[in-house]
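Reviewing the structure listed below.
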Amino acid sequence: MASMADFRSEVAGAALDLFTDSGYDPTSVDDIAQAAGISRSTFFRQFRAKEDVIFADHEALLEELTAYLSVSHPDPWAAVCQAAELVFAKFSGRRKLAQKRYHVVQAVPALRDRETIMVSRYERLFSDYLRRALPGISTLDAIRFAAAVTSTHNYVLREMILDSPRGSLQNLEHELQAVRRIFGVLPPEDPASKPAEDDLVVAVFSRSTPTAEIARRIQCELDGRSA
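For the sequence shown, position 117 (counting from the first letter as 1) is numbered 108 according to the numbering used here, and the numbering increases by one without interruption.
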């Protein structure tokens, strides 16, 4: 039995096929319902309007990421990057759907505005998580990191949609490592190597490292955990 997310994705696929072949404005809700094999009332039980169907999988992904980030993670910075990688993997698995949506959205200004709002919801989810997971982090540091991760993801996703070799999950992982390095929140290259136990702890951090991350790493060292 198909899940609600799968059902919504199937309706989105039918709608994007129509938008691609006939144009966004000429396509009606009745056209979408007929193509998807559902009634008009069923469509409106799932979507408020035809523009909502285009971003249906985003809603499901935001719910999934909310659940993922609602639990504790040993490295909050890495957790945000892993959440972005999860989104990329989902869209990469539905490349044709992502490509159709990209071209439809680019052709309709109102949809581009809607997409901008959707992107801001990912950024808000990530920054809110960091503020919960890293007590003491400045609001601006959380917003900056969330925005950098989201924009990096979107760039590599666009490369994937355009069939560029740079549009791969491996490249996204590489670029997100670079983001963490820029922000000074990339763990040491050999986190397993620890000095002999002593009462003295010496820590060296780059100037760009947020104070909340400095406190987190020091606490990890004092607790005997890997940063």
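Think of the CB as a built atom: it goes at the ideal place given N, C-alpha and C, for glycine as much as any other residue.
Alpha-carbon spacing of residue i relative to residue j, whole angstroms
i, j, result
"Ala137", "Arg115", "8 Å"
"Asp66", "Phe34", "41 Å"
"Thr143", "Leu167", "7 Å"
"Ser19", "Ala40", "10 Å"
"Glu50", "Gln37", "11 Å"
"Ser105", "Gln161", "As written in the sequence, residue 105 is Arg, which differs from the Ser given in the question. Distance between the alpha carbons of Arg105 and Gln161 is about 29 Å."
"Arg(-1)", "Ser118", "28 Å"
"Ser30", "Ala5", "14 Å"
"Thr11", "Val110", "23 Å"
"Ser13", "Ile209", "59 Å"
"Ile205", "Val62", "22 Å"
Cβ shell of residue i (< 6 Å), same chain only, five flanking positions each side left out
i, result
"Ala3", "Val44 and Ala47"
"Ala75", "Val140 and His144"
"Ser197", "Gly175"
"Ser113", "In the sequence as displayed, the identity of residue 113 is Tyr instead of Ser. Thr141."
Extent of the continuous alpha helix (DSSP H) run through residue i
i, result
"Arg157", "Note, Arg157: premise wrong, no alpha helix (DSSP H); not H, not E."
"Leu60", "Per DSSP, Leu60 belongs to no alpha helix (DSSP H) and is neither H nor E."
"Thr107", "Pro100 to Ala124"
"Val71", "Pro67 to Gly84"
"Gly4", "Met(-5) to Ser13"
"Ile45", "Lys41 to Ile45"
"Asp22", "Val20 to Ala27"
Check whether residue i and residue j have beta carbons under 8 Å apart
i, j, result
"Lys81", "Leu52", "yes"
"Met(-5)", "Arg86", "no"
"Ala58", "Leu125", "no"
"Trp68", "Arg171", "yes"
"Leu60", "Ala70", "yes"
"Val78", "Tyr15", "no"
"Ala27", "Glu1", "yes"
"Ile173", "Ser155", "no"
Whole-Å CB distance - residue i paired with residue j, under 8 Å assumed
i, j, result
"Val223", "Arg157", "Nothing about residue 223 can be reported from this structure: the residues present for the chain run from -8 to 218 only."
"Asp22", "Leu7", "Contact doesn't hold; Cβ gap of about 12 Å is too wide."
7 Å Cβ shell around residue i - same chain, five flanking residues per side excluded
i, result
"Arg207", "Leu125"
"Ile128", "Leu121, Arg122, Pro201 and Ala203"
"Glu164", "Glu76"
"Ala89", "Phe82 and Ile152"
Contacts around residue i, its chain only, beta-carbon distance under 8 Å, and the 5 residues preceding and following it disregarded
i, result
"Tyr93", "Arg149 and Ile152"
"Gln95", "Before going further, note that residue 95 is Val rather than Gln in the sequence given. Result list for Val95: Leu7, Phe10, Thr11, Tyr15, Ile45 and Leu102, in chain order."
"Ala24", "Ser30, Arg31, Thr33 and Phe34"
"Glu42", "Ala101, Leu102 and Arg105"
"Gln97", "Arg103"
beta-carbon residue i near the ligand FAD non-hydrogen atom, thresh 7 Å
i, result
"Glu42", "Annotation note on the ligand FAD: not contained in the displayed structure, which lists no ligands."
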